[in-house]
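Protein chains in written order, with my numbering: chain A, 1 to 344; chain B, 1 to 344. All residues carry an ideal CB built from backbone N, CA and C; glycine is no exception. Every value quoted in this text rests on a predicted model; they were computed, and no experiment measured them. One structure below.
There are 2 protein chains.
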Amino acid sequence: MARGVVSSDGKRKPITARELARMIGVSQSAVSRAFTPGASIAPELREKILKFADEQDYHPNAIASMLSKSRTNIVGIVVSDMSNPFYPALIQKLSQGLQRIGLQSLLFNITKGSNIEEQLSALRRYNVDAVIVISATMLSGATLHWATEGRAAILINRVVEDADINCVCCDNVEGARAIADHFHALGRRRVAYVSGLSHTTTNLERQNAFITRVAELGMTLTGRVDGGEYSYEAGRRAALEIASKGNTDAIFFANDILAVGGIDALREDSGKRVPEDISVAGFDDIPMAAWPHYALTTFRQPLDEIVTVVVGMLEDGSCQPGQPSSVKRISGGLIVRQSTGPLA
Amino acid sequence: MARGVVSSDGKRKPITARELARMIGVSQSAVSRAFTPGASIAPELREKILKFADEQDYHPNAIASMLSKSRTNIVGIVVSDMSNPFYPALIQKLSQGLQRIGLQSLLFNITKGSNIEEQLSALRRYNVDAVIVISATMLSGATLHWATEGRAAILINRVVEDADINCVCCDNVEGARAIADHFHALGRRRVAYVSGLSHTTTNLERQNAFITRVAELGMTLTGRVDGGEYSYEAGRRAALEIASKGNTDAIFFANDILAVGGIDALREDSGKRVPEDISVAGFDDIPMAAWPHYALTTFRQPLDEIVTVVVGMLEDGSCQPGQPSSVKRISGGLIVRQSTGPLA
DNA sequence: ATATGACTTGCATACGCATGCAATATGAAC
DNA sequence: GTTCATATTGCATGCGTATGCAAGTCATAT
């Protein structure tokens, strides 16, 4: 099984289509066509070439292919915060979904401090076919436009109204209302809301829908605390603040990681029983929510469906520039666990 | 500010070095050199070209550059399990570290089910400059060799003895011994060990070092349970199994996610007090370990140092094929929290 | 037997940048 | 003024694949 030449420095020099073609006695185009689905080539010749290619360990050079096709099959994934377990879970499913249709994931992990456009410059230099932004925040509208301008782009879990951008997002309104209804059904009447980053669209949607529904149901909003970040610690602080007032019997946290912190603080620092004294609900359904210790009632973000929709848009080209942009709302589902219960 | 031509389908066609050169009245080579650090070009000309480039929004096409330099500046990162929070944290720091030296991260999220070589085929087609494998398992030795053959490669947190491969790994022996010593100092004498995947090198090293040290200190190993996976649930099951025997006063879990599950199970299902009845220690120091609810004593993996070392190896080329491979052990540190304490 | 068309195949070139080499310019030394 | 070394610059070509076009093959229809 002849392999590519190995030079003195140990690097393998793979054989090229031209070399393979010469061995077989066909043109380099034939080799290219053998590897191109739907290309004009006789089935027998394709078979023969693929067989030789396999023997010679020939693989088409994706770089050269990119250059001539000006298509990279690479999707840039922009993330800013992997500390919320929701994101790793999403990224994992997403990258696997992309891989399934032959797309690779170039990860852009942006940091607060330094120049973001500089961090994203590779997005443009590398000519990624599409950009998927999972970062809830961190990107100003201008930066977002700069990064996505002229190429396929999808925001996940973030909605930008004015801009002409595709968004795929869980139905936050549905979720927030479901939580409010659930609280109401349990007999809870004095409820509070805890936000993570108050200006993110996910938060605004959940918050507004929750507060609106709470009012519709005739419940009392006893508090609205902004944690300042989506973190366990922020959840703790917010819970303590609410508990100290003593007039709340149910809290809806903007997401699970906040809620988890909240539960621990309520039980361990405020001496409250969850769910008896205060019921707690979150949003996302991260793995941790299912842990018996938390058994967190939450509104599940349908990761698989979100990924399916995103991959579908990439596949059918409906997110290409020039196409009308759309905002797709994916329906989630209320998951009732033991962090909520009827009023004692 | 002239930008690239926008064709009817909305895609931007960036201007090329040749076009920019023509505008300025220099050769295309000059433009190339202006963007190449250390190239032979007059400082004033470089300035002038960069200024024009900025005005015209010209960016070197990385794809074309890859083709001619046969260097992609892309590092393939192979991961298999993002459900353990340790990995997202590592990936985040790693990708940021790589970015700092101009390398991009192509993420390969491999799945158990299907053909792994197929999942990794893009590693070769895309000519990544280097491969970093963070997957503790999932890759057989043969696949590992296939994936890394002939290119720079580094395994993180996994050591392969026979193969000629670079490894960067926390000092598991140091950590396991530190835990054993800590248990001993607290007066614990009947200790147990819980593994995740028993055949992984991280596990074997921690397990052997722990058991050896336990024997040296004259302590009794009351149990050794294999969880079968690194997960919260596995930790729970193992803890329950150990607790049911009632003869153990300290458990060392192979990593934090197991330990966290163990703590919850001990407290909530076995009615044990942690740390009074059973002390619990983990390994990694994931963010969760610091949560007050767990306050997990653990051995910290020095993420920043690991990343620094890996990035350094990539930068100085010491992980290039042809160079002698090395196994670098990074020293960690014992973090004592409240999940361990003196015998009641 | 010739024409028509459907398929295959090879040729030649484009893709955009990097770089060895030759050419030119600049300045210093004599 | 001349010579030589150094610093810049342009020219021309290579990197490996994709693809429009023309040429070729073959079978069926006329």
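Skipping 5 residues on each side, what residues in its chain have a beta carbon closer than 7 Å to that of residue i?
i: E117(B); result: T143, W146
i: P275(A); result: Q338, S339, T340, G341
i: G175(B); result: R206, F283, F299, G332
i: A2(B); result: With a pLDDT of 41 at A2(B), under the threshold of 50, the modelled position of this residue cannot be trusted; read the value that follows with caution. Taken in chain order, the residues that qualify are Q56.
i: S326(A); result: N166
i: Q320(B); result: A152
i: L343(A); result: L186, G187, R188, D249
Does the beta-carbon distance from residue i to residue j come in below 7 Å?
i: R158(A); j: D249(A); result: no
i: E226(B); j: S195(B); result: The amino acid occupying residue 226(B) in the given sequence is Asp; Glu does not appear at that position. Yes, the pair counts as a contact, with Cβ atoms nearer than the cut-off.
i: W291(A); j: Y294(B); result: no
i: V168(B); j: V310(B); result: yes
i: P192(A); j: G223(A); result: According to the sequence displayed, residue 192(A) carries Ala and not Pro. Yes, these two residues count as a Cβ contact at 7 Å.
i: Q28(A); j: A34(A); result: no
i: N203(A); j: A254(A); result: yes
At what residues does the alpha helix (DSSP H) containing residue i begin and finish?
i: Y232(A); result: 232-245
i: D226(A); result: Unbroken run through D226(A) is the beta strand (DSSP E), 220-226; no alpha helix (DSSP H).
i: A21(B); result: 17-24
i: A42(B); result: Careful: A42(B) lies outside any alpha helix (DSSP H) and carries neither H nor E.
i: A130(A); result: It is not in any alpha helix (DSSP H) - A130(A) instead sits in the beta strand (DSSP E) that spans 130-133.
Looking only at its chain, what residues have a beta carbon closer than 6 Å to the beta carbon of residue i, apart from the 5 residues adjacent to it on each side?
i: R213(A); result: R177, A180
i: V78(B); result: F108, V133, S135
i: I349(A); result: Nothing can be reported for residue 349(A): it is not among the residues displayed for chain A, which extend from 1 to 344.
i: Q301(A); result: C170, D284, G332
i: R236(B); result: G261, A265
i: M66(A); result: T72
i: I49(A); result: V31, A34
Which residue comes first and which comes last in the beta strand (DSSP E) that contains residue i?
i: S279(A); result: 279-284
i: V194(A); result: 190-195
i: H96(A); result: As written in the sequence, residue 96(A) is Gln, which differs from the His given in the question. Note, Q96(A): premise wrong, no beta strand (DSSP E); alpha helix (DSSP H) at 86-100.
i: V168(A); result: 166-170
i: Q104(B); result: 104-109
i: V327(A); result: 327-330
i: V79(B); result: 74-79
i: T298(A); result: 297-300
i: F253(A); result: 250-253
Could you tell me which chain A residues have their CB closer than 7 Å to the CB of residue i, listed as they occur along the chain?
i: A64(B); result: L67
i: R273(B); result: Under the 7 Å cutoff, chain A gives no residues; its nearest Cβ is about 14 Å from R273(B).
i: E55(B); result: The contacting residues do not exist; E55(B) stays about 16 Å from chain A at best.
How would you label residue i, buried or exposed, when you count the other beta carbons within 10 angstroms and need 16 or more for buried?
i: K112(A); result: exposed
i: P14(A); result: buried
i: G346(A); result: This structure cannot speak to residue 346(A), because chain A is shown only from 1 to 344.
i: D285(A); result: buried
i: K93(B); result: buried
i: K69(B); result: exposed
i: N247(A); result: exposed
i: K272(A); result: buried
i: R71(B); result: exposed
i: A30(A); result: buried
i: P88(B); result: buried
i: D256(A); result: buried
i: P43(B); result: exposed
Take residue i and list the residues in its own chain whose beta-carbon comes closer than 8 Å to its own, dropping the five residues that flank it on each side.
i: V75(B); result: L98, L103, Q104, S105, L106, V128, D129, A130, V131, I132, L314
i: H182(B); result: A281, T297, L334, V336, T340
i: H199(A); result: T137
i: S8(B); result: Bear in mind that a pLDDT of 45 at S8(B), under 50, signals an unreliable position, so the model cannot answer this.
i: R267(A); result: R273, V274
i: S270(A); result: A239, L240, A243, S244
i: S95(B); result: I77, S105
Closer than 8 Å by beta-carbon distance: list the chain B residues that pair up with residue i, in chain order.
i: W291(A); result: Y232, G261, D264
i: N166(A); result: What N166(A) touches in chain B: nothing, since even the nearest Cβ is about 13 Å away.
Please list the partners that residue i has in chain B, where partner means a Cβ-to-Cβ separation under 7 Å.
i: Q119(A); result: Q99
i: S95(A); result: L107, N109
i: Q345(A); result: The question about residue 345(A) has no answer here: the residues shown for chain A are numbered 1 through 344.
i: P287(A); result: S83
For residue i, which residues in chain A fall below 8 Å Cβ to Cβ?
i: A89(B); result: M82, S83
i: E268(B); result: P292, H293
Within the present structure, is the beta-carbon of residue i separated from the nearest heavy atom of the ligand PLP by less than 6 Å?
i: G261(A); result: Among the components modelled here there is no ligand, and therefore nothing to report on the ligand PLP.
Which bits of chain A does residue i rub up against, with CB to CB less than 9 Å?
i: L106(B); result: I74, Q104, S105, L106, L107
i: A122(B); result: A62, N73, Q99, G102, Q104
Residue i touches chain B at which residues, Cβ-Cβ below 9 Å?
i: R125(A); result: H59, P60, N61, A62, I63, S65
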